Structures are given as structure tokens and as C-alpha cells.
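Quick mapping for you: the protein sequence lines, in order, are chains C, F, G and A.
When we follow UniProt numbering, the leftmost residue of the first sequence carries the number 1, and every step to the right adds one.
When we follow UniProt numbering, the leftmost residue of the second sequence carries the number 1, and every step to the right adds one.
When we follow UniProt numbering, the leftmost residue of the third sequence carries the number 1, and every step to the right adds one.
When we follow UniProt numbering, the leftmost residue of the fourth sequence carries the number 1, and every step to the right adds one.
For every residue, glycine included, the Cβ atom is placed at its ideal position computed from N, Cα and C.
None of the values given here were measured: they were computed from a predicted structure.
Read the structure below first, then the notes.
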Amino acid sequence: MILNTDGTKPIYVQIAEWLETEILSGSFNSDQKVYSQYQLAEIFNINPATAAKGLNILADGDVLYKKRGLGMFVSNDARERILNKRKKHTLKKLVQDLVLEAERLNVSEEEVFDMIKNVKRNWEGT
Amino acid sequence: MSITKPSLTNIVKKQYSYKLRAYRQVYNSLIALQLLAIFFSFNGVGSMSGNWGGIHLNINYYSADIIIIFTMLWGLNSAALITTKAYRFDDFAFVTNRLSGNMANLYVMLTLSVIGGLTSILSGVLLKLLIYYSTDVQIFNDTRLMSEPNLFVTSILSASMYVFLFCVLGYMIGMLFQVNKMILVALAALFIWGLFKDVSGGSNVMVNVFTFFVSESSLFLFFIKMMFCSILLFSISLVISNRMEVRQ
Amino acid sequence: MKVIESKEMTKVYGKTYALNGITFEIEENKITGIIGRNGAGKTTMLKIIAGLFKETSGEVRVFSEKPFNNLTVSANMIFIDDGMILPASLNLKEILDEAERFYENWDSSLANRLFDYFSLSPNQYHSNLSKGMKSTFNMILGLSAKCPLTIFDEPTTGMDAGVRHDFYRVMLKDYLAYPRTILLSSHHLEEIEDLLEDILLIKDGRVHLHLPVADLKEWAIGLSGKKDLINEWVKTKKVFHEKSIGHNNLYVVVKNDFTIRELENITLSGLDVFPVSSSDLCMYLTQKTKGGIDDVYNKAKSDKYS
Amino acid sequence: MTILSGILSLFILVFVAIGFFVIWRGLKGVKKSYVSKRYLKWLIRVYVSVLVLSIIWYSLLSVSNRIEDVPSTSGNFYDIAVNQSVDEIDPAFIGKQWSIDYEKNKLNIGTVDHEYLETPIIVYRSDKNNRKISATYYKKLVVSENDYSKEVKSIDLTLNQDRLLLYQPAQPDFKIVLFKKEFTIRQFTEEKLFEKREEDVSAQSLLYISIPKDLTLIAEDGLNIHYLDN
Chain C
1 MILNTDGTKP
11 IYVQIAEWLE
21 TEILSGSFNS
31 DQKVYSQYQL
41 AEIFNINPAT
51 AAKGLNILAD
61 GDVLYKKRGL
71 GMFVSNDARE
81 RILNKRKKHT
91 LKKLVQDLVL
101 EAERLNVSEE
111 EVFDMIKNVK
121 RNWEGT
Chain F
1 MSITKPSLTN
11 IVKKQYSYKL
21 RAYRQVYNSL
31 IALQLLAIFF
41 SFNGVGSMSG
51 NWGGIHLNIN
61 YYSADIIIIF
71 TMLWGLNSAA
81 LITTKAYRFD
91 DFAFVTNRLS
101 GNMANLYVML
111 TLSVIGGLTS
121 ILSGVLLKLL
131 IYYSTDVQIF
141 NDTRLMSEPN
151 LFVTSILSAS
161 MYVFLFCVLG
171 YMIGMLFQVN
181 KMILVALAAL
191 FIWGLFKDVS
201 GGSNVMVNVF
211 TFFVSESSLF
221 LFFIKMMFCS
231 ILLFSISLVI
241 SNRMEVRQ
Chain G
1 MKVIESKEMT
11 KVYGKTYALN
21 GITFEIEENK
31 ITGIIGRNGA
41 GKTTMLKIIA
51 GLFKETSGEV
61 RVFSEKPFNN
71 LTVSANMIFI
81 DDGMILPASL
91 NLKEILDEAE
101 RFYENWDSSL
111 ANRLFDYFSL
121 SPNQYHSNLS
131 KGMKSTFNMI
141 LGLSAKCPLT
151 IFDEPTTGMD
161 AGVRHDFYRV
171 MLKDYLAYPR
181 TILLSSHHLE
191 EIEDLLEDIL
201 LIKDGRVHLH
211 LPVADLKEWA
221 IGLSGKKDLI
231 NEWVKTKKVF
241 HEKSIGHNNL
251 YVVVKNDFTI
261 RELENITLSG
271 LDVFPVSSSD
281 LCMYLTQKTK
291 GGIDDVYNKA
301 KSDKYS
Chain A
1 MTILSGILSL
11 FILVFVAIGF
21 FVIWRGLKGV
31 KKSYVSKRYL
41 KWLIRVYVSV
51 LVLSIIWYSL
61 LSVSNRIEDV
71 PSTSGNFYDI
81 AVNQSVDEID
91 PAFIGKQWSI
101 DYEKNKLNIG
111 TVDHEYLETP
121 IIVYRSDKNN
131 RKISATYYKK
141 LVVSENDYSK
151 EVKSIDLTLN
161 QDRLLLYQPA
171 QPDFKIVLFK
181 KEFTIRQFTE
191 EKLFEKREED
201 VSAQSLLYIS
211 IPKDLTLIAE
221 DGLNIHYLDN
């Protein structure tokens, strides 16, 4: 992954999201140790404090847990938590934007639903 | 990372050896000046010919004084050079403070003085050798330097002290100049005033200053005078330099 | 441990205040970016910390000692800038040898590897190097010294993009291996911000901001949309930057102390919310006027028509 | 000596070349303000070895072996002879002595073609009529405590019937090189700093002739003659 440094999203958030994706894709299993802040700093060429902040977000969300002196490990229910969080926040935000834009364009709810269904049908068809 | 507590002596030692290497330009100019001085000395300082009660003589006087004087000027110039911005900033490329820098400079000047004193006397011997072979002379009179080693050593020692005095003088002038360029004009004015200002006894100030050192016939007193003046001049330089900032 | 403590550091040249009461503290082993416009006093401040200049008033402590004329500070600190004067009579290799004698933690293997990597030749002289090569060499000096306090003042002057990139990378890697306190000043915040932990923003000889870089991104927020609507939201706030877009639209940058609820409402009311990049924010914060260069132009126009 | 001067001329040539090179480098160095290490290393090496070599060479020179016991007499021979006695002059300065039997009452004294003879002549009229003319030639050349008197050629004297002929032998000027000691040492020795060094060279000669009581001496032109009477 290449960090997006143009300022739209803080680096540590991007780090957290990247780790989440890694966990989702199965690179890390439950109770497996993830990268340390120094490894992350090295990988992404960022300050270790920033990397630590990314790790702390995940720890705060119980995706990771700390073992004193050993590092951060993937929680048992990390996948569910990530999925949950993404549903709750990321998807919600996207829907919010969708609704807002639809309102600006005077598009009715039904039309929006139809558009969603169409997109899904197209993907399933191919 | 733990911080280190450097000792002053240690840093001065390092700076001293660093400066001896970094100021290598001065060795070049020393050799150039001494060769030039030998060239000038080749003409001799005087000659006489005539009839001494039936014996015809043709006497040529030579002296290595010019070599020593050139070397003294070299000391003056080299010391002034190391007070210039470029050289002072060289200090601050590495570990230093003003005291350690000045101390190292003092040792450098001492070393340069000994080098200057030694080579000026030795190149005087070279001058003699060159004259010995380049003139068709019957009587070549110089015996003492070789036959009296203690005089030879004294000569080197006192030449070194003269060079050192000039070094310290140059160092102080250089420092003053760094503070204010006008000080040089003031010093020049003082010098000229000294040349023309008569003091009681008929001679002028400058001649008095000159004879203060040059007509001292006791080696011990000479040494005391030299040390006193050098310490005085160097102390002035220290005070000035402690107030200077670097890299503006 | 506090590596640098500065209380009301002031530097006066004649009647002009280069520094006007700088107060901050820097903790051990952090990389701090010193940001500010030209003439803000960055270099003066760094040179006082390095012990090269003497502060006019205030209290400055580096390693708990006064830095000016201090041997301990000098031995544990290296100051690298583009005006670096190195002995003209020594070639590059000899300069590295000298540095090795002076700095206790000197890493000659790192120095040699970097020397080779950047294809510097040992027989070259510093004064004959191009600007970029000079900076590269200075950087090698600064990193290899491994001083507990390493100060880089505009270290990348004249370096091309590739070398700059390499420099940042090697600096970070070396920092990870040997954590130390690094002060890094640069005009290009966007290039260095990822490397930084903290940022110290200097404006008019004072500390304007001192906070973690991560917080800087959320410190301010940009709003754009209808003028009236925006004015309604930012009535009570300090506006750092303002730019008219067309006749009725406005883009403003304000301090982000909105609640999540408020932000949602702002979005719902039809305004667009943007994060502000750190470098843009720093630029806005250090500008003399809210509108920046536009104000100069607009003022001239309005003067003409009034 | 020819080999030596050959080596020396090479020496001087190298020396001059170095001098020019250094001055040229020095002038160039002002702009560039550095000297390369290798160049300087060689320069110093050459210079130091030249200096060391010259001091060794110089100490091996014969100049340092010329010291001899200098006769003690100081002062002017002429004054000594006039005011004191010629016997006061150290016999070491005697260059040549003549003793001639002369019966006649009249004696001419002169030089070839009346050429001027610079050597002062003192004529002493003895109180006896022993019919004997004796002459002593004194010569002195001492250069800073080294005695070179032997190098001075003595004048010659022959009796040609009733004329005493004095010959000045052809002798080129003595070329003397005198080294003033460095002022850094002059000030610690007896010498004064600005003193002229003429007294370092002491050169004089004297011809002392003793004639019988009743001899009439006729001096021709070209003589610096002085009569000493009882």
C-alpha cells in the first residue's frame, strides 16, 4: 500500500485501515503478533509515533490487544469487530453522502433503491 | 542516547591536531617565504673593499636576519589568518567552545613558532652553504654556529620566541579586526604616532618598544619579557573572542 | 527527559526582534519539524540552541545547560545547515576522519556506506561541490555523528527529489535504529511531515503552534459553500483563511472544535467539509492576512475604485 | 671539487625550481585556498631534507676547521713600533726577516718604477755602526678570531749595489665573506645589535728596517716611510 499523503486522511488512520484490511484478508490470524510501531515506521517511512497512534486506534477498538513487553496481537473477534465497525461507520458515511447528493439532485428514495439494485444485478450478471 | 561529558583537555588535544592538519596552507607559505628570504639574503647586507695597510680586502657581509624577519611576519600573518571567519568557522564544524578553540590555537601558534624558528635558523645554514659555493671566496668566516651548539640552540629558541610574539600579536590584531575593521586603522595610526613621537632620551616610542626586546642581553630576562607580552596579548584576544558569535 | 527547554528566548539585532519570546520544551528522542516562513526566526532559534548565537534574553537550556559557549552541548549536538563551513584545506575523506575523532558516537561504517551510495569521491573538496552535493555531504556528516541532538536546518537545499527522498528514508531508518532528538527545519512540510512526531510552528519570532503532527491534521477544517451559510457557522470562530469562489461561494479554514453532531449538521445543511493538509494549514497560519496574496491584489483594485 | 660543484649546481637548480613552483602554487592557492595533501607532503619532505642535508654538509666543510691559536697582539703595529718597541709585536706575525751586510755610507731605498708601496716602513737608526741592515716584515690578517696571516704574501727585498729594492708581490684582493650572526643570538653575545663588524677584520703590515748609525738613507718616491730616532 502506498500512503496517501495529500492530506485528506490522517496517516495513522490509513495505517489502522491497512492493518484492518490485512487482518480481513487473512494475513494475520487470531492471537498472532502484528507489526510493531517501528516495523510500521520502517515499512511506510513514517514516524514511529504516528504508527503507534494507528495501532492504538485498533487497540482501543479491541481489534488488537497489548501484551506487555511483547507487542500487539490480533483479538479473537477481530474480524467481526472490523466488519461491524466498517458497517457502522464507513458504510453509514457513504450512505449519508449518497442521500445528501440524491437530495441535491432531487432524486427520490425509490430511484436510489433502484440504482443500488441495478448495480448489484450488474455485478451478479457478470 | 546518553550524553557525553567531554573534558576540555581532551577536546583541546583533538582540536590541536585537527588544526595542524587543517591549516596546512601555512606550511606552504612558510617554505615560500623562507625561500624568498634566502633569495633576498643572497645579495648580502653590505660590502667593503679597500687597503688595510698594504693588504687588499674585499669584504662581503651576509646575514640570515631577513629569513627570521620574514618568518616572524609569516607568524603574524598566519595567526591573523586563523582569526578570520573562514578559519574560526572551521572550529565550529566540530566540537568546540571558544576557550578550547583559543587554547588549541595557542598550542598551534607555539608549534608554528618552533617550526618557524627552527627552519629559519636552518635555512640560514642553507644560505651559508649556497654562498660558500656560489662565490669564489678565499676566506669564508663562520665558525661559531657549528662549534658552539649551545649558541645554535639559543638562536633557535630565541628565534622561536620572536616568531611566537608576532603570532600572538597577529592573533590579537586579527581578533580586533573581526570585531571592528576600524581598529586596524587605529592600530596603524598608533604605530605611525609611535614612529614619530619622541620620548625623553631622544628616541621615539617605536624604537623604545623595539629595543625593549632586541637589546635585552639576558636570555632569562628576554624570556620573561616575551612571556609577559605574549600572555598579555593572548589574554586580550581571549576576552575579545569570548564575545563573538559564529556563523552569522 | 527534556532535551531543550526555552523560556522567553529573545534575540534582538539592533532594534529588530528576530525572536520575540520563544517558549517551548522538546522531549528526548522526538523528531520535531521546525516550520515557519522565511524570516520567521527559525535559523536564529536553531543557532541559539546550537550555541552558535547568544540569546539576548530569556532562558535557554539544552541538556539542562546553557548552550552558548558550552562544550557539553557542542559535543552532544551537531548542527547542519547549508551555510556549513568546513575546512577548505581538507578533502571530504579527511573531513570525515576529523569528525570521527571529535564525535564519540561516530558511525564510520554508515558514513562510508552513504559516501559510496551517493558517489562522493574522497579526493573532492567541500568548496568545489555543487549545492546539492554539499547538502548531501553535510547530511552524511549529520547522520553519522549520531549526536543525541541533531539539528538539520534546511538540509535538503539543492538536493534533487531522488536524493531528498533517500535522505528522509535514511534519516528515519537511522532514527529507528538509534533514537535521538532531531530538529528538522524545512520549507517543504509536505515532504517531511510523515517523518515528524511533533511540529513547532514559528511565526514572527514566536511559537505559534507546538503539537503532534497527527493532531495538526484535525486541528483545522475547511468549509465551502454558500457565503451566508458559512458566515452563520463561523461567526464566533477565528478564520485562518478565506477565499471567495465566484460571487456567492466561500471557502474558509477554521479551527476544528466542532462536535461530531455539529459537523453532521454542517454537512446536512449543504456545506462541504474538507480536511486541511498540514502544509496548507501552516501556510495559512503563517500568512499575514486571511486572504493571502489575493488580498494584496484585491486591495489594490478596491483602492482604485473607491 | 668539480664533482661537488656539479652536485651543487644541480642542488641550486632544484632549489630554484621548487621556489618558483611554491610561489606559483602560493599565488594560485590564494584563490583556491587549499593545498593538496600529497603535494604538501612532498614539499615538506624535500624542504626538510634539504635543510638537514645542508646542515650536515656545512658541518663537514673545512670552514669549521680553520680555528688556530690567534697571536695575542692587538693594536696597530705602527703605533706599537713608534710608541713602544717593535719587540712587543708577537713574533708570530713576522712574515720575513733579512739581515744584510752593508759597508757603504749611502743607501737608496725605492721600488721598481717608483710604484707606491702601501706597506708602512719604519726606519730605525741604531746607535752602533755594525755595518748591518736588518729588516723585518710583519703581516697580519685575522678575521673574526681566525688567523689568516700566513695567506698574505710577504714583500720581497733585495740589495742592488747601493739601492735597496722593495718588491710588492702580486696578490689578488682577499675576498672575505663575513656572516653576521642572527640578531636573535647577537643580542645575547657581547656584540651590540647595530654594531658594524669592521673590527672583525684586522689586517695590516709593517716593514721595520734597522740601519747603522752613520748610514745616509735616501728614500725615493713611492714610499710611506717614517724615521725613528733615538
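Measure the alpha-carbon distance for N76(C) versus V13(C) and round it to whole angstroms.
22 Å
Quick check: A93(F) and L86(G), are their CB atoms within less than 7 Å of each other?
yes
Report back the beta-carbon spacing between V253(G) and Y284(G) to the nearest angstrom; my notes put them in contact at under 8 Å.
5 Å
Residue interval of the beta strand (DSSP E) (run including G222(G)):
220–226
Cβ neighbours of N60(F) in the same chain (closer than 6 Å, five flanking residues each side left out)
G44, S47
Put D127(A) into one of helix, strand or coil per three-state DSSP.
In this structure, D127(A) counts as coil in the three-state DSSP scheme.
Given 8 Å as the limit, is there contact between the stretch 116–134 of chain G and the stretch 71–80 of chain G, that is, 3 or more CB pairs closer than that?
no
For L57(F) and I176(A), believed in contact at Cβ under 8 Å, the rounded distance:
6 Å
Got a sec, what are the start and stop residues for the beta strand (DSSP E) V177(A) sits in?
174–180
Close-in-space but distant-in-sequence residues of the same chain around L81(F) (CB under 7 Å, 5 per side omitted)
Y87
Answer with yes or no whether the minimum CB distance from I46(C) to chain G is below 7 Å.
yes
Euclidean distance between Cα positions of V214(F) and M84(G):
45 Å
N- and C-terminal bounds of the alpha helix (DSSP H) containing K128(F)
98–134
Run through the DSSP bridge pairs and tell me what M9(G) is partnered with.
I22(G)
Residue-chain proximity (K53(C), chain G), Cβ-Cβ < 7 Å:
yes
If we call anything under 7 Å between Cβ atoms a contact, is I55(F) one with A203(A)?
The beta carbons of I55(F) and A203(A) sit closer together than 7 Å.
Using CA coordinates, which residue listed in D272(G), G246(G), G222(G) is at the minimum distance from K237(G)?
G222(G)
As an exercise, report each continuous beta strand (DSSP E) stretch of at least 3 residues that is fully enclosed by the stretch 178–215 of chain G, in chain order.
181–185, 198–203, 206–212
Exposed unless 16 or more other CB atoms sit within 10 angstroms - verdict on V209(F):
Its Cβ having fewer than 16 others within 10 Å, V209(F) is exposed.
Integer Cβ distance of S123(F) from I38(F), believed to fall under 8 Å:
Taking 8 Å as the upper bound for CB-CB distance, S123(F) and I38(F) are in contact here, some 6 Å apart.
Let me know if W42(A) comes out buried or exposed under the rule of 16 or more other beta-carbons within 10 Å of its beta-carbon.
exposed
So with CB distances below 8 Å, who are the chain C contacts of V213(G)?
N47, T50
P275(G) bridges to which residues according to DSSP?
Paired residue(s): I221(G).
Among the residues of its own chain, which have a CB less than 7 Å from the CB of I230(G), if the five just before and after it don't count?
L223, L250, V252, L271
To the nearest angstrom, how far is it from the Cα of I266(G) to the Cα of E232(G)?
Each residue's alpha carbon lies about 10 Å from the other.
7 Å Cβ cutoff met for K11(G) and T56(G):
yes
In chain order, what residues of the same chain have a beta carbon less than 6 Å from the beta carbon of A219(A), not counting five sequence neighbours either side?
I109, I225
So D101(A) is in the beta strand (DSSP E); what residue range does that whole segment cover?
94–101
Taking the C-alpha atoms as reference points, what is the distance between P67(G) and G75(F)?
33 Å
Residue span of the beta strand (DSSP E) that contains E59(G), given as start and end:
Counting along the chain, E59(G) sits inside the beta strand (DSSP E) bounded by residues 57–62.
For E262(G), return the contacting residues in chain C, with the cut-off set at a CB-CB distance below 8 Å.
Neighbours of E262(G) on chain C: none; closest Cβ ~15 Å, over 8 Å.
Taking C-alpha atoms, which residue in R180(G), G142(G), E25(G) lies nearest to D82(G)?
G142(G)
Beta strand (DSSP E) containing Q204(A): first to last residue?
201–211
Residues that DSSP places opposite A149(G) in a beta bridge:
Correcting the residue identity first, residue 149(G) is Leu in this sequence and not Ala. Answer is M77(G), T181(G), bridged to L149(G).
Can you name the residues of chain C whose CB is closer than 9 Å to the CB of E218(G)?
P10
Against chain A, which members of the stretch 174–205 of chain F pass a CB distance test of less than 9 Å?
When CB distances to chain A are screened at a threshold of 9 Å, not a single residue of the stretch 174–205 of chain F falls below it.
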